[in-house]
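Here is the structure we will look at, set down as structure tokens.
Residue numbers (our numbering): 79 to 371.
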């Protein structure tokens, strides 16, 4: 039997990509349809952000998450839904007083950041495991806030996907696992190439994998031009993969990806060429210990 590899599709993200690419999903209907298309192409998990349907800007509106999840369920797809909790972590120092958040700050309480998880009870949700300079801004996730979010996520019955952007994030995640705040086996996502975290390189992925606790389930991805090289690297290192328009707009150099499904199809081809195969949602549920809702 060939090894089953989980393909996650990050459908839209919260970046400033609307207007830069005509295929970026914005409305709940567009996001759900793109997710279902990605699942048909081989994705077992779809990672969901939502956007304001009028402006295309990132949103934390629980009703939008609910509509996306319901539309995916109504489609008949058995894909696993992974809702983000990353929104609400951005801090921009104010121009006059850097202690006060300026324009663009979204910093919110742990309860606010996981309210949609508690309401919708998805199978999986992301949990960003540390603070960092994130592009021009600061992404804030303090240990106490993460512990509260993790406990709320566990109470909602969701499996946290531990997103780590640098080596120190893995150290914090291990600490919370050792404390019993996060249940074993943990699910990690190695997020590479994001300014200013770990680079998207074979060396960085190999090093970060070496820091994971024994028995961890892990995936990795690179952004932009490194999306597909990191697909291959993750498969070769025994991990799982992620692609999608959140992380990369191009199918190849100079060619915009027509859809999330096209990115998933290319990832699935790489997985098969390396002697593995895309995992089914049923196989992933067995591996993660989740159940369809």
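Here a beta-carbon is modelled for each residue, glycine too, at the ideal position from N, C-alpha and C.
Query                                                                                                             : Result
Close beta carbons around residue 287, own chain, < 6 Å, minus the five adjacent residues each side               : 315
Euclidean distance between Cα positions of residue 356 and residue 84                                             : 6 Å
Rounded C-alpha distance that separates residue 298 from residue 273                                              : 16 Å
Exposure label - residue 293; buried when at least 16 CB within 10 Å                                              : exposed
Assumed close pair residue 119, residue 312 - CB separation to whole angstroms, cut-off 8 Å                       : The pair is not a contact, with the Cβ atoms about 18 Å apart (cut-off 8 Å).
Start-end ranges of the alpha helix (DSSP H) lying completely within the segment 284-347, minimum 4 residues      : 305-314
Delimiting residues of the beta strand (DSSP E) encompassing residue 204                                          : 202-206
Those runs of the alpha helix (DSSP H) which lie wholly inside the segment 166-239 and span at least 4 residues   : 188-191, 193-198, 221-233
Residue 343, buried or exposed, once every other Cβ within 10 Å from all chains shown has been counted against 16 : buried
Proximity to residue 330 [Cα-Cα], best of 304, 351, 310, 349                                                      : 304
Buried versus exposed, by CB contacts within 10 Å (16 or more), residue 406                                       : The structure shown does not extend to residue 406, since the chain spans only 79 to 371, so no value can be given for it.
Option nearest residue 247 by Cα separation, candidates 283, 234, 210, 263                                        : 210
Paired residues, beta bridge with residue 133 - DSSP                                                              : Answer is none; residue 133 lacks a bridge partner.
Residue 154, buried or exposed, once every other Cβ within 10 Å from all chains shown has been counted against 16 : exposed
Which residues DSSP lists as bridging residue 99, in chain order                                                  : 96
Residues that DSSP places opposite residue 125 in a beta bridge                                                   : 88, 160
Counterpart residues of residue 249 in DSSP-defined beta bridges                                                  : In the DSSP output, where bridge partners are listed per residue, residue 249 has none listed.
N- and C-terminal bounds of the alpha helix (DSSP H) containing residue 352                                       : No alpha helix (DSSP H) holds residue 352; DSSP gives it neither H nor E.
Identity of the residue in 170, 97, 140 nearest residue 217 by Cα                                                 : 170
Unbroken beta strand (DSSP E) run spanning residue 108, endpoints                                                 : That residue, residue 108, is in no beta strand (DSSP E); its alpha helix (DSSP H) goes 106-119.
Segment limits, beta strand (DSSP E) that includes residue 257                                                    : Residue 257 -> no beta strand (DSSP E), and no H or E assigned at all.
Contact set for residue 168: own chain, Cβ-Cβ below 8 Å, skip 5 residues either direction                         : 182, 183, 184, 185, 212, 215, 216, 217, 218
Residue 252 and residue 188 closer than 8 Å at C-beta                                                             : no
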